[in-house]
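**Q**
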Amino acid sequence: MMPAIRAKASGKTAFVNVRLLDPATGLDQTGGLLMQDGIIADIGPSVTRDKLPSDCRVIDGQGLCLAPGLVDMRVQVREPGFEHQETIETAGKSASVGGVTTMIALPNTDPVIDDVAGVEFVARRARKVGLAKVFVYGAVSKGIEGHEITEMGLLHQAGAVAFCDGVQTIASARLLRQALSYATFFDGMIVQHPEEPELSRGAHMNSGELATRLGLSGVSPLAEVIQIERDIRLAEMTGGRLHFAHISTGESVEVIRRAKKRGLKITCDTAPFYFALNENAVSDYRTFAKLSPPLRAEDDRQAIVMGLADGTIDAIASDHNPQDQDSKRLPFAQAAAGGVGLETLLPITLELYHNGHMSLLDAIGKVTHAPAKLMKLENHGTLAAGSAADIVVFDPGRPAKIDPYKFQSKSKNSPFDGRLIQGIVLRTLIDGREVFTHPSCIEGS
Amino acid sequence: MGPEADHYPHPHLLGIEGLTPGEITLILDRAQHYAEKNRTADKTSNILAGSTVVNLFYENSTRTLTSFELAAKRLGADVINMTVGTSSVKKGETLIDTAMTLNAMNPDALVVRHADSGAVKLLSEKVNCAVLNAGDGRHEHPTQALLDALTIRRHKGRLHRLTVAICGDIAHSRVARSNILLLNTMGSRVRLIAPPTLIPSKIDRMGVEIFHDMEEGLKDCDIVMMLRLQLERMEGSFIPSVREYFHFHGLDRAKLANAKPDALIMHPGPMNRGVEIDSEVADDVERSVIREQVEMGVAVRMAALEILVQNHRNLAGGHS
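This is the structure:
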């Protein structure tokens, strides 16, 4: 079911003298990691240069961090149908530079991924490209039209890891109830874009003082929490697994926190945009900061940070939504929403650690183990022996500046354009095969 | 005024936001000069002779377009009117494409109206000439606020310590935003009066008082500024009916009686008579200054064009 990637690396390679970070097992220790034929063979403080087999290629990590490759649970690869914005290949390049080894693609392509052929197409293309492991969401409704549920069981069997209607809200309570209920027979998860469509129709940013000053239609943060509250009732009624994507408001965090306390199968994620930026980023009609959901007020941003820190928000997804220049170089109301996310996922997530909100291990867990667990991707997002050697090596302290024109993504629209960051990816490996090496890395030093 | 009063340092006039009292006064003083000149037989000058002004209107507006055209012509500029309907957008030409094309023709000023907030600013970033915002979406309409200010100043002798009620469709009004900014900057108090559905979120943070009841809101006001109900911009039910709207929020004699006896009645036009304003009030020669607003519009636009085009000429001279 897993889309196999190109041939695994053969032979033995080891990283020594690295800070091992494995949120799945709670490991945060200096040591080494031995890979054999693309599988993690050994890990821990006992893996040192002098104890490695003589035929092993050894890389000295110089005390830098080694973690599981990132698992990005919300990516728009845009292929098929929108190849002028992104392809599986360019998304793969973007992922490898960002330390992302596994991504879950949304089904809102053209054609929509609502049948087995669509699932298999993406798997086949990803295998051929070989830059990242690509899984897909199956559409909840045929054609993402919100009327009839898809052949969810067959999609699941073909490899769809969960179900969503892309960037559309599953607005029909009847349809969502049916989908949640039907998916329980194979424990499938439904992912909702929580935004009450009637309340958010025609809106372009967060409602409030700034929207009023700029003369833009705003969507109240209430549109999000109203949708979440309704859907929680449906999840409770059906016993289904319901996940809310990219939550952005303080009230959403609070409502989900309460639902979790009641033992419901409710989970959620957020994107770096919502804990690192607030609505002021759209001042001057900056279309790069036009996102869906829109950037919120500062107190919402702070609540999202708190939700991540206390575990209410399970995971962080990049919400990679590449747009071509022509879709952004327009008056704000006409511009498309979305931003490139793959290449900034790790450094922006590291801000949670640098700002003292989370431990390094916990922050990394939100982009590795947590999404892998949500998607039931065994042997992903962990460094446990026997797992695939999907690895990222990064320097959490090195400063850099985000320059979208250096992105590997086909699109260059990032609300983080020009942001000063701390932390860069140095190496990305998939099944032990190095798919990205930062120019500054001198192998074997 | 302070030393800033004799200089307008901005390359464009995109909004009232960011203008100082001195800069506003500078434009108004110059506009006052043109207001007087426009009442004489010799209305024209050659101060902008040789320059080209392009009126680029993405939204129809006969009144504003004519006002800008007349202003530019009275200053001796060559004027080109381009009314760009939605058809060119359908053909695929974007705002920036149009801007680049026009810029290549080296105009001295672009006067732009657009249905989207921020569109004029976007355009101003792509051209080398002065850009005047003739209304962008719900954002700003600076020359309207300036002409309103000039009209008020001519009657009240000042722009500070006045109580101004802006009534009606605040939510969809760029005129309201520009007027709030200008009147606050100049030291007057602004009240907004409208049903709750037409009051935008958190607008109280712009330093205004909110009223839903006309009688209460109009009490002791110096100026009553009515706004056009923009039904074409409304999606969904903002008001139950025009009849109900007029009943509660239309300006008639009875409601006006709450304002000061010498309160001025203003309206940016075009008026929906019997919707937001009663004809009896609109046509009251003692109180209504609606026609004078139109007259001041030409004067204000002459002043703005003169100042901006000359700024650009000086800049160009400085670089050469």
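Quick note, the sequences are listed as chains A and B, same order. 1348 is the number of the first residue of the first sequence in our numbering; add one for each residue after it. 17 is the number of the first residue of the second sequence in our numbering; add one for each residue after it. Every residue gets a Cβ at the ideal spot worked out from N, C-alpha and C, and that includes glycine.
Quick one: does R190(B) have its CB under 9 Å from some CB of chain A?
**A** Taking Cβ atoms only, chain A reaches closer than 9 Å to R190(B), which makes this a yes.
**Q** Is G1686(A) buried or exposed, if buried means 16 or more other CB atoms sit within 10 Å of its CB?
**A** Buried, since its Cβ has 16 or more Cβ neighbours within 10 Å.
**Q** For chain B, check one thing: does any of its Cβ atoms lie closer than 9 Å to the Cβ of A1442(A)?
**A** It does not; no Cβ of chain B falls within 9 Å.
**Q** Where are the beta strand (DSSP E) runs, 3 residues long or more, that stay fully inside the segment 1348–1430 of chain A, in chain order?
**A** Correct list: 1359–1369, 1374–1383, 1386–1391, 1404–1407, 1412–1415, 1417–1422.
**Q** Take the Cβ of P1694(A) as the centre, count every other Cβ of all protein chains shown within 10 Å, and call the residue buried at 16 or more, exposed below.
**A** That one is buried.
**Q** List, in chain order, every chain B residue whose beta-carbon is nearer than 8 Å to that of R1560(A).
**A** Residues of chain B passing the Cβ test: E33, R193, M222.
**Q** Short of 8 Å in beta carbon distance, which residues of its chain neighbour G1744(A), apart from the five on each side in sequence? Order them along the chain.
**A** Once the five neighbours on either side are set aside, the close Cβ partners of G1744(A) are Q1769, G1770.
**Q** In this structure, does DSSP put H1494(A) in helix, strand or coil?
**A** The answer is coil: DSSP assigns H1494(A) none of H, G, I, E or B.
**Q** Check the Cβ-Cβ distances between I110(B) and every residue of chain A, and say whether any is below 9 Å.
**A** Reading off the sequence shown, one finds Thr at residue 110(B), where the question assumed Ile. Output row for T110(B): interface = yes.
**Q** Which class does G1610(A) belong to by DSSP, given the choice of helix, strand or coil?
**A** Coil.
**Q** Looking only at its chain, what residues have a beta carbon closer than 6 Å to the beta carbon of D1375(A), apart from the 5 residues adjacent to it on each side?
**A** Hits under 6 Å: L1368, L1708.
**Q** Name the DSSP bridge partner or partners of R1774(A)?
**A** Answer is V1740(A), T1784(A).
**Q** Just how far apart, CA to CA, sit C1796(A) and R1766(A)?
**A** The displayed coordinates of chain A run from 1348 to 1792. Any statement about residue 1796(A) would go beyond what the structure contains.
**Q** Report the neighbours of G1555(A) on chain B: residues whose CB is nearer than 8 Å to its CB, in chain order.
**A** Per Cβ cutoff of 8 Å: S217, K218.
**Q** Please report the straight-line C-alpha distance between V1494(A) and Q1515(A), rounded to a whole angstrom.
**A** For the sequence presented, residue 1494(A) should be read as His rather than Val. Taking the straight line from one Cα to the other gives about 13 Å.
**Q** Beta-carbon separation of K1317(A) and D1671(A) under 9 Å?
**A** It is not possible to answer for residue 1317(A), since the shown part of chain A is limited to 1348 through 1792.
**Q** Since A1592(A) contacts R1421(A) with CB under 8 Å, what's their CB separation in whole angstroms?
**A** Between R1421(A) and A1592(A) the Cβ distance is about 6 Å, and since that is below 8 Å, they are a contact.
**Q** Which value, in whole angstroms, describes the spacing of the CA atoms of I63(B) and S204(B)?
**A** Between I63(B) and S204(B), the C-alpha separation is close to 34 Å.
**Q** Are there three or more Cβ pairs, one per stretch, closer than 8 Å when the segment 42–61 of chain B is compared with the segment 315–326 of chain B?
**A** Touching, yes.
**Q** Can you give me the C-alpha to C-alpha distance between A1656(A) and H1704(A), rounded to a whole angstrom?
**A** Looking at the two C-alpha atoms, the distance is approximately 6 Å.
**Q** Under 7 Å between beta-carbons, which chain A residues line up against S253(B)? List them in chain order, please.
**A** Result: empty, since nearest Cβ-Cβ is about 12 Å, beyond 7 Å.
**Q** Would you tell me roughly how many angstroms separate the C-alpha atoms of G1477(A) and A1442(A), rounded to the nearest one?
**A** So the two alpha carbons sit approximately 11 Å from each other.
**Q** Could you give the first and the last residue of the continuous beta strand (DSSP E) run that contains A181(B)?
**A** Looking at the DSSP string, the run of the beta strand (DSSP E) that includes A181(B) is 179–183.
**Q** Are D1344(A) and A1628(A) closer than 9 Å when you measure CB to CB?
**A** With chain A covering only 1348 through 1792, there is no way to say anything about residue 1344(A).
**Q** What does L1563(A) touch in chain B if you count any residue whose Cβ is under 7 Å from its own?
**A** Under the 7 Å cutoff, chain B gives S133.
**Q** Check the Cβ-Cβ distances between G1791(A) and every residue of chain B, and say whether any is below 9 Å.
**A** In this prediction, G1791(A) scores a pLDDT of 46, lower than 50, which makes its location untrustworthy; the coordinate-derived value is nonetheless stated afterwards. Cβ-Cβ to chain B under 9 Å: no for G1791(A).
**Q** In the DSSP assignment, the beta strand (DSSP E) including K1440(A) goes from what residue to what residue?
**A** Run containing K1440(A): none in the beta strand (DSSP E); it sits in the alpha helix (DSSP H), 1435–1445.
**Q** On the DSSP bridge list, what partners appear for S1488(A)?
**A** S1488(A) is bridged to I1496(A).
**Q** Got a sec: is the Cβ-Cβ distance from R154(B) to anything in chain A below 9 Å?
**A** With 9 Å as the cut-off, R154(B) counts as an interface residue toward chain A.
**Q** What first and last residue would you give for the beta strand (DSSP E) that runs through E302(B)?
**A** Premise fails: E302(B) is in no beta strand (DSSP E) and is neither H nor E.
**Q** F1510(A) and G1485(A) - do their beta-carbons sit closer together than 9 Å?
**A** Yes; because the gap between Cβ atoms is below 9 Å, this pair is in contact.
**Q** Quick check on the burial criterion: 16 or more other C-beta atoms within 10 angstroms. Buried or exposed for S295(B)?
**A** S295(B) comes out exposed.
**Q** With DSSP as the reference, identify every bridge partner of I1663(A), one or two as the case may be.
**A** For I1663(A), which the question treats as bridged, DSSP gives the partners T1617(A).
**Q** Taking Cβ positions only, does K235(B) come closer than 9 Å to chain A?
**A** So no, K235(B) is outside the interface.
**Q** With DSSP as the reference, please indicate the residues paired to L280(B) in a beta bridge.
**A** I239(B).
**Q** According to DSSP, is Q143(B) helix, strand or coil?
**A** Just to set this straight, residue 143(B) is Val in the shown sequence, not Gln. In the structure shown, V143(B) sits in coil (DSSP, three-state: anything other than H, G, I, E or B).
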